[in-house]
Structure formats: C-alpha cells, structure tokens
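*Asks:* This structure is in structure tokens; I'll ask about it shortly.
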DNA sequence: CACTAATAATTAGCGCGCGAACCAAACTGA
DNA sequence: TCAGTTTGGTTCGCGCGCTAATTATTAGTG
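Protein chains in written order, with this note's numbering: chain A, 18 to 165; chain B, 18 to 165.
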C-alpha cells in the first residue's frame, strides 16, 4: 500500500471543503422539487428573494448582495424578466446602470414562496443552535476567502 | 414598508442554505489559483483524490464516493483521460462496467498536489474544533437530504 | 473641448451538475 | 432459447459560475 514513504495521505471524506461541496449539491437537489411549482431554479430564487427584500437596485448591487458575479447574473435576470417577474430598465441619470424592479407578478410569487424556507429547514433537520453555528462558520469562511 | 400583514419576512443572509451556497462559491473560487498549476478544476481534483485513495473501481462506485451522478462524471473522467491522468477501460468480465485506473502520470500529479489541502485549510482559517464541527453539520445535512 | 481613464453591463467560451431519454450488455425465467 | 427486465454508461438539453475580452456610457484631465 503506502510505498511512497513521507507523503501525507489525504482522504476526500475528511476534507471540510468536500463536506461543504457535497452538502450544497444535496441542498440544490432538495430545493429543485420545492421550487419547481414556482418555476424557479435555486439561483433564480436567491435573486428573487434578494430583490423582494429591496428592489430598484442595479446589477452591481445585486451582485454584491448575492455574492455572485455580474456575468453570472446577466442571463439569470434576463430569464426572470422573460418570466415577467421583474423589469430591467436603464437608469435615467446613467445609461450604464441597469435598474431591477420586481413586477406585480413577482410580488404574487413572493407570497407563493412564503413557506419555502420553513419546508427546506425542516428537511435539513438542524437544531436552531446548530443552524446558527453553521451560519457562523460559513460566514467566517466566506469572509476569510473574500479577503483574498 | 410591510403592508402585507401576516406574511413572514425572509432575508437571504439569514438562510443557512444561502450561507452554505456562498461559502462553496467562495471555496471553488479560492481553489482555482491553487489548482491552476496542476491544470485541474475542483471537481477534477475531487475525482483524482478519490481515485488516488483507491482506483480500479467503476464509474458507479466513483459516483457513490464523490456523491455525484454518472452523467456528471462521464465528461469529467474523459477529460482526465485526455490529460493522461487515468485510463478508462471496460471490465473483462462485464463489458458494461468502466474501470478507472490512475496512470503513472496521475501518480506523479498526486505528489505535486500533496500540499493543496493544507494550503486551502490555511486560507479558510478554521480552528480544528470548528473544522470538525463544520464537517459534522455538513454530513448531517447531506445524510438527511440523501434519505429523501 | 478633445482625449484618456474609469465604470457598468454584456458577450464568448469552458466546465460542471443534473433530470430525462437512450443504448447495449447482462441477467431472468418460462 | 428468446422475450422481458435490469443494470452501467452515455447523450441531450438546460442553467449556472466564472475568467477574459468587449462594448457603451460617464467622469476626469489638460
């Protein structure tokens, strides 16, 4: 077996990054049937939820809030516009800025999507304490890596 | 603001799933420069590390170990074969099974990749205790969701 | 006022990640 | 033996997620 001597053995299941990676894959899989009735992907859901909280913002701001890049978001918001859930308009004072506004239809969807977080949390089955701990750890990782 | 009365307000940053989602995006971003010298993507790295631990397995087994689907893995292992890192052969006793074996070149890469986990862990900056806790929580989520 | 630099978004190209449909090899049983 | 089923992989189609390059608009400079 280990004929290579001094080299450290790394096993995938022991890597915390792999644990996160697998958990996220499982989560997006689990969200699919929950979001299918709303005709949303998980990323589209993230964008809509962000805009439900505050809309009338430009793409750059949306990118900062979702922690995604503009090239990722451009096709996403185009699809959401095609579904009639939001408006994409250039700002009056600055033609470069793209202002995103939730439509009436988008607000209707917000009410439909109201129970999604509870359903999801229920499937995940974490205690409130574990949930808080998990958020804290993930936030720590995200912040540490964002600071290059 | 909240004129809609009884509806619960959900904020994206408070969703544990979003915290995981963002952390994983940050992680794959952080892995990119680390894996670029090895000419590997994160998923390719996951596959190689899994096969470094034990090769000579079929695609189905690899799928179970990586928690990824066969349709995801087929193009990945083809690219790894094209790079000369592994062999794809049909099993002698069962033509359906695709047996994956790490090549000499693939073993050489293993030695090169030896320090990647340490470098990554260092950037993430978790204490060993937090790291264990995070693995446990993610494992719990993955298991709960895998059980439908 | 021209000319450059900075900024906001988009496009191009690549590699996942997955559900659905498909195909061929292997097993099953009357 | 030979339909019928199961099994292991592949193919197809779609939607991210990102880097690099491009376009268009605005701001800044002499």
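Ideal Cβ positions, reconstructed from N, Cα and C, are used throughout, including at glycine.
1) Ignoring anything shorter than 3 residues, give me the beta strand (DSSP E) runs that lie fully in the stretch 71-113 of chain B, in order along the chain.
2) Could you have a look at residue 119 of chain A and say whether DSSP puts it in helix, strand or coil?
3) Chain B partners of residue 152 of chain A, CB-CB under 7 Å?
4) On the criterion of 16 or more Cβ atoms from any shown chain inside 10 Å, does residue 49 of chain B qualify as buried, or is it exposed?
5) Which whole-angstrom value is the C-beta distance of residue 103 of chain A and residue 94 of chain A, which I expect to be below 8 Å?
6) Using a threshold of 9 Å, state whether the C-beta atoms of residue 45 of chain B and residue 38 of chain A are closer than that.
7) Is the beta carbon of residue 143 of chain B sitting closer than 9 Å to the one on residue 30 of chain A?
8) To test your reading of the DSSP string, which unbroken alpha helix (DSSP H) runs of 4 or more residues are found completely within the stretch 18-60 of chain B?
9) Throw me the rounded Cβ distance for the residue 115 of chain B and residue 72 of chain B pair, which I believe falls under 8 Å.
10) Is the shortest distance between the beta-carbon of residue 63 of chain A and the beta-carbons of chain B less than 9 Å?
11) Could you tell me which chain B residues have their CB closer than 7 Å to the CB of residue 156 of chain A, listed as they occur along the chain?
12) Specify the secondary structure class of residue 146 of chain A as computed by DSSP and reduced to three states.
13) Less than 7 Å between C-beta atoms, sequence neighbours within five positions excluded: which residues of the same chain meet that for residue 59 of chain A?
14) Quick one: is residue 122 of chain B near chain A, going by C-beta distance under 9 Å?
15) How would you label residue 123 of chain B, buried or exposed, when you count the other beta carbons within 10 angstroms and need 16 or more for buried?
16) State the CB to CB distance for the pair residue 67 of chain A and residue 82 of chain A, rounded to an integer number of angstroms; the pair is presumed to be in contact (CB under 8 Å).
17) Given 8 Å as the limit, is there contact between the stretch 142-158 of chain B and the stretch 147-165 of chain A, that is, 3 or more CB pairs closer than that?
18) Would a check of beta-carbon distances place residue 83 of chain A closer than 9 Å to chain B?
19) Can you tell me whether residue 152 of chain B is buried or exposed, with buried defined as 16 or more other CB within 10 angstroms of its CB?
20) Spatial neighbours of residue 148 of chain A within its chain, please: CB distance less than 6 Å, with the 5 preceding and 5 following residues excluded, ordered by chain position.
21) Taking its Cβ as the centre, do 16 or more other Cβ atoms sit within 10 Å of residue 130 of chain A, making it buried, or is it exposed?
22) What does the alpha-carbon distance come out to for the pair residue 24 of chain B and residue 119 of chain A?
23) Kindly say whether residue 43 of chain B, judged by its beta-carbon, lies nearer than 9 Å to any beta-carbon of chain A.
24) Could you check where the alpha helix (DSSP H) with residue 135 of chain B kicks off and where it finishes?
25) Enumerate in chain order the residues of its own chain whose CB-to-CB distance from residue 36 of chain A is below 6 Å, with the five nearest sequence positions on each side excluded.
*Replies:* On the basis of the coordinates in this document:
1) 103-107, all fully within the stretch 71-113 of chain B.
2) Residue state, collapsed to three classes: strand.
3) By Cβ distance, chain B contributes 33, 36.
4) Burial check for residue 49 of chain B: the Cβ neighbour count within 10 Å stays below 16, so the residue is exposed.
5) Right, their Cβ atoms sit about 7 Å apart.
6) Yes, they are a contact pair.
7) Taking C-beta atoms as the reference points, residue 143 of chain B and residue 30 of chain A fail to come closer than 9 Å.
8) If only complete runs of 4 or more residues are kept, the stretch 18-60 of chain B shows the alpha helix (DSSP H) at 33-52, in order along the chain.
9) Between residue 72 of chain B and residue 115 of chain B the Cβ distance is about 12 Å, and since that is not below 8 Å, they are no contact.
10) True, the Cβ-Cβ gap to chain B drops below 9 Å.
11) Residues of chain B whose Cβ lies closer than 7 Å to the Cβ of residue 156 of chain A are, in chain order, 36.
12) DSSP places residue 146 of chain A in the helix class (H, G or I) of the three-state scheme.
13) Excluding sequence neighbours, residue 59 of chain A sits near 45, 48, 52.
14) Not a single C-beta of chain A is nearer than 9 Å to the C-beta of residue 122 of chain B.
15) Around the CB of residue 123 of chain B, 16 or more other CB atoms lie within 10 Å, so the residue is classed as buried.
16) At roughly 5 Å, the Cβ-Cβ gap stays under 8 Å, so residue 67 of chain A and residue 82 of chain A are in contact.
17) Yes, they touch.
18) Judged by the 9 Å Cβ criterion, residue 83 of chain A is in contact with chain B.
19) The residue is buried, with at least 16 neighbouring Cβ atoms inside 10 Å.
20) For residue 148 of chain A, where only same-chain residues beyond five positions count, there are no Cβ hits under 6 Å.
21) So residue 130 of chain A ends up on the buried side.
22) For residue 24 of chain B and residue 119 of chain A, the distance between alpha carbons rounds to 17 Å.
23) So yes, residue 43 of chain B belongs to the interface.
24) Segment 133-141, the alpha helix (DSSP H) holding residue 135 of chain B.
25) Contacts found: none.
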